[in-house]
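As structure tokens, the structure follows; a few thoughts come after it.
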Amino acid sequence: MIAFLERRASCALIALVGLMGAAPASAACQLAKYLDLPVTMRGRQPIVTAQLNGRDAEFILDSGAFWSTLSQATAQQFGLKIEPIYGLRLKGIGGEADASVAKVKSFGISTATIPNVDFLVGGTDTGRIGLLGQNVLQIGDVEYDLPHGGLRVLKATGCETGQYVYWAAGRPMTLVELEPDKEGDRDHTIGTVVVNGQKLRAIFDTGASGSIMSLAAAKRAGLMPDSPGVVDGGETGGIGTRMTRRWVGTFESIDIGGERINHPKIAFADIQLGGDMLIGVDFFLTHRIYVSNKQRKMFVTYEGGPLFGLKPTGARTDSGERIDLTDKSGAPTDAEGFARRAAVAESNGRMEEAVADLDKAIALDPKQGRYYRQRAMTRRPSKGGVDSIADLDKAIALDPADVEARSMRAGMRLGAHRAEAAMEDLRALDTTLPPGDGRRLMLAGMADVAGHPELALANYNAWLKSHPQDANRYDALNGRCFARAELNRELDAALDDCNAALKLRPGSAAILDSRALARFRQGNFKAALADYDAALKAGPDLAWSLYMRGLVKTKLGDTAGAKADHDAAIKIDAHVLEQARTLGLEA
518 MIAFLERRAS CALIALVGLM GAAPASAACQ LAKYLDLPVT MRGRQPIVTA
568 QLNGRDAEFI LDSGAFWSTL SQATAQQFGL KIEPIYGLRL KGIGGEADAS
618 VAKVKSFGIS TATIPNVDFL VGGTDTGRIG LLGQNVLQIG DVEYDLPHGG
668 LRVLKATGCE TGQYVYWAAG RPMTLVELEP DKEGDRDHTI GTVVVNGQKL
718 RAIFDTGASG SIMSLAAAKR AGLMPDSPGV VDGGETGGIG TRMTRRWVGT
768 FESIDIGGER INHPKIAFAD IQLGGDMLIG VDFFLTHRIY VSNKQRKMFV
818 TYEGGPLFGL KPTGARTDSG ERIDLTDKSG APTDAEGFAR RAAVAESNGR
868 MEEAVADLDK AIALDPKQGR YYRQRAMTRR PSKGGVDSIA DLDKAIALDP
918 ADVEARSMRA GMRLGAHRAE AAMEDLRALD TTLPPGDGRR LMLAGMADVA
968 GHPELALANY NAWLKSHPQD ANRYDALNGR CFARAELNRE LDAALDDCNA
1018 ALKLRPGSAA ILDSRALARF RQGNFKAALA DYDAALKAGP DLAWSLYMRG
1068 LVKTKLGDTA GAKADHDAAI KIDAHVLEQA RTLGLEA
């Protein structure tokens, strides 16, 4: 047994039990590579690059997806012919979505080019080209080496249990028994974990940004939303249009194949997962994992780093001997290697290490703009963002079509109340992005903040046309409602948008605020007041809602109430006056 040291006031330990020593590979054990893919973390998303019909395409590595998928907008963007699949629906956290299929004539991945590959089409836009799922991953065994920025699909011959973790060099190994094939169909990596003594069916899912369990499973393990110490964890979504409230609670322990972690913080929600819980990318970032699809076993070593809301500082055996978790893989030798290592460090919160590695990447390849962009994201909070802006300026100078760099710089300029400077980037994005690109939703929102509702409306229209079943439709409908109300046009259509958004997000303060503005523009002041009252009940510090409620009260003859609301709005955010002047809505 070994124990992870954790910085807690109680000096509690995170214990790992039932570990096996990893045997060195023998000459009889052969691991041949089918695919050897670099993986770059983008926040909590593991990204691999492939080619669709000769064009580079970034996919989220998603071991929880039974088949590789594209959104409808992406398939259209790449000019793929979409054919319906009757009787098949995609299911996920956010509900269900229609499924179609698109055939890619040439799919390039690693050193292989595969002709006529089918992709499922449907579900929520991921912000990337699509998801790389189990139909690719299960052509052999899979080594998930996210701590070192790699993924390998392998063929194992003559290997015994301890030989699969060829990298361990004596480091302890845990073993998770995976569910057997179901009629030869291995569409997920599923094993049993134990939470608070309860056996749970867990899907090991690199596509999940964090681990999460169903409300029913959390209840079996002893926690409910009103349990002591449970906190609101915001909302979660996935396939389909529905967003769901989630909570985060501290459990007594979780045991994963003998690795027992005390006092983990795990999210849970009233959702259908296909199992009891998802073990997400947080687990993959802190472990090196070999999945034997033939034997239905998963071999795991802990590589260090934060997990389940905890920050272990080391590991010891049960007898107190320290276990060496030093990374012996060696330093990268090229700019790409340093950039990938930096991305892993950033995902695990080690920002200084990430910046140091990106400094090295830039020194090795100073003409590669995306390294500057990556460094800008890593050090954005420092020095008021000055260093990040300088990096983004450099990235855009090297590659004016870098959508991510322009989006980030526009956002930072808006945050500094430099709207017209932000518009330089937003206009460039509007020219660069394909009509149905998922990032047009982000562009629309920033254009509205910048005071350009015409540009916002055009992009909301484009996004909604190409995303008929996306989890973010409520956001786009709300945005389009507000933009129409700002422009004082198509007000009946604006109300239809807001009402549709409220069906998806009942009681949303932002949507109620938008509907109130549409009703104000129509001269329906009593209905507008009711909506502003409801919005402020849900969000008492909404400066714009306060300001506009004051304007409504003025129309209704409540002078004292109007002054109180205007004063309160300006106290919260004086910039509300600029927005009002722009829209001709001065008090």
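The sequence shown begins at 518 in my numbering and counts up one residue at a time.
Beta carbons: idealized from backbone N, C-alpha and C, even for Gly.
- Note: V710 is bridge-paired with L717 in the DSSP secondary-structure output.
- At a Cβ-Cβ threshold of 8 Å, A1052 and L1046 do not count as neighbours.
- Taking 4 residues as the shortest admissible run, the region 718-787 contains the following complete alpha helix (DSSP H) segments, listed from N- to C-terminal end: 732-737.
- Under the three-pair Cβ rule at 8 Å, the region 582-595 does not count as touching the region 707-719.
- With contacts defined by Cβ atoms closer than 8 Å, G928 and A912 do not form a contacting pair.
- Using a Cβ-Cβ distance cut-off of 8 Å, the region 730-746 and the region 804-821 are not in contact, since fewer than three pairs of beta carbons, one from each stretch, lie closer than that value.
- Around V682, the same chain offers A539, M690, Y807, F816, T818 as residues with beta carbons nearer than 7 Å, after the five sequence neighbours per side are excluded.
- Between I577 and R645, the C-beta spacing is below 8 Å.
- Nearest in C-alpha terms to I783, of all of D799, V670, E776, L649, is D799.
- Assigned with DSSP and collapsed to three states, V682 falls in coil, not helix or strand.
- Contact annotation: D635 and H984 have beta-carbon atoms that are not nearer than 8 Å.
- A residue is called buried once 16 or more other Cβ atoms fall within 10 Å of its Cβ, and P1023, having fewer, is exposed.
- Here I729 really is in contact with A786; their C-beta atoms are around 6 Å apart, less than 8 Å.
- Rounded to whole angstroms, L554 and N570 show a C-alpha spacing of 19 Å.
- Remark: C-beta atoms of R718 and I840 do not approach each other more closely than 8 Å.
- Bounds of the alpha helix (DSSP H) holding V903 are 903-915.
- P555 has G667 as its beta-bridge partners, per DSSP.
- Distance from the CA atom of G751 to the CA atom of T723, rounded to whole angstroms, is 21 Å.
- A Cβ-Cβ contact shorter than 8 Å links H705 with G581.
- For S809, the enclosing beta strand (DSSP E) has its first and last residue at 804-809.
- In terms of Cα proximity to H934, the closest of A967, T566, Y977, L795 is A967.
- Classified as exposed, S744 has fewer than 16 neighbouring CB atoms from the shown chains inside 10 Å of its CB.
- In this model, N652 and K1020 are separated by some 36 Å (Cα to Cα).
- Scanning D942, R997, Q547, D1030 for the CA closest to the CA of T674 turns up Q547.
- CA-to-CA, the gap between C1015 and R1032 works out to about 6 Å.
- Assigned with DSSP and collapsed to three states, D793 falls in coil, not helix or strand.
- Partner residues in the beta bridge of F816, as assigned by DSSP, are L692, Y807.
- In the three-state DSSP reduction, A967 falls in the coil class, being neither helix nor strand.
- By a beta-carbon distance limit of 8 Å, L931 contacts M963. Their separation comes to about 6 Å.
- Residue nearest to L824 within the set D844, Q789, S809, G866 is G866 (criterion: CA-CA distance).
- For I879, the three-state secondary structure derived from DSSP is helix.
- By the criterion of a C-beta distance shorter than 6 Å, M940 is surrounded in its chain by A967, once the five residues flanking it on both sides are discounted.
- Boundaries around Q562 are those of the beta strand (DSSP E), 562-569, since no alpha helix (DSSP H) includes it.
- DSSP places L578 in the uninterrupted beta strand (DSSP E) bounded by 572-578.
- Listed in chain order, the non-local C-beta contacts of A918 below 6 Å within the same chain comprise T949, local neighbours out to five positions each way being set aside.
- From the listed residues E937, Q789, L875, Y603, the smallest Cα separation to A733 is found for Q789.
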